[in-house]
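Counting with mature numbering (1 follows the signal peptide of the UniProt record, and there is no 0), you get residues -21 to -1, 1 to 135 for the letters of the sequence shown.
In this text, a Cβ means the ideal position worked out from N, Cα and C, and glycines have one as well.
Note that this is a predicted model, so its numbers are computed, not measured.
Contents: one structure, followed by commentary.
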Amino acid sequence: MHRLTLIAALFAVALSGCSDGSECTAIGTPVGVSVRVQAPIAASAETAEMQVCWDGACKPARAELRVFQETGDGGCDGDTCKATAVPTDDKVGFATVQGLPKQPVEVRLTLMGSEPVAEHTLTVTPKGRFPNGPECGEGGPNVVLTVEADGTVRES
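Pasting the structure below:
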């Protein structure tokens, strides 16, 4: 009997090291609408004002637009590499929309500067996101809108 207990204990210890090593962090996924505005339109846009509608009701949302930064190469020294933040001519912002569903919604988007810069209405479908991978559960939902340089808007 002791031998069987010892074997079972050894198996338990051996199997405890079989996890894939991934951990679920406390990082979350914001619920709402992300907006990216490309140049040259971004130069005149300061905010993105929205009405997000579903099931017969609308919720207002507002995103302050800020300069979008890309990752630039900061060079390497031996086995250590650096990255730098490089400003672009594009702008980005995020507007929280509580209760946003994972179903089609209508978004009325107005880019504002000192006066309206552009207005668009489109139907998009917010999606759940997995910031830590699918094994850690779903966050969101949210949707990303891109205002192209020519003024068209697409779900990205």
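- Using beta-carbon positions only, say whether V76 and K38 come within less than 9 Å of one another. yes
- Message: Please tell me whether E28 and G92 are closer than 9 Å, where the distance is taken between their beta carbons.
- Response: no
- Could you tell me which of V122, R133, S135, A128 sits nearest to P9, measuring between CA atoms? V122
- As assigned by DSSP and simplified to three states, the class of E114: helix
- Message: Quick check: what's the CA-CA separation for T(-17) versus D52?
- Response: Reliability of the predicted coordinates at T(-17) is poor, the pLDDT of 46 falling under 50, and no value is obtained from them.
- Using DSSP bridges, identify the partner residues of D56. T59
- Task: Taking A40 as the reference, give the member of D58, T89, V46, C55 with the closest Cα.
- Result: T89
- Task: With DSSP as the reference, label A42 as helix, strand or coil.
- Result: strand
- Query: What number of angstroms, rounded off, separates the C-alpha of P80 from the C-alpha of K61?
  - Reply: 39 Å
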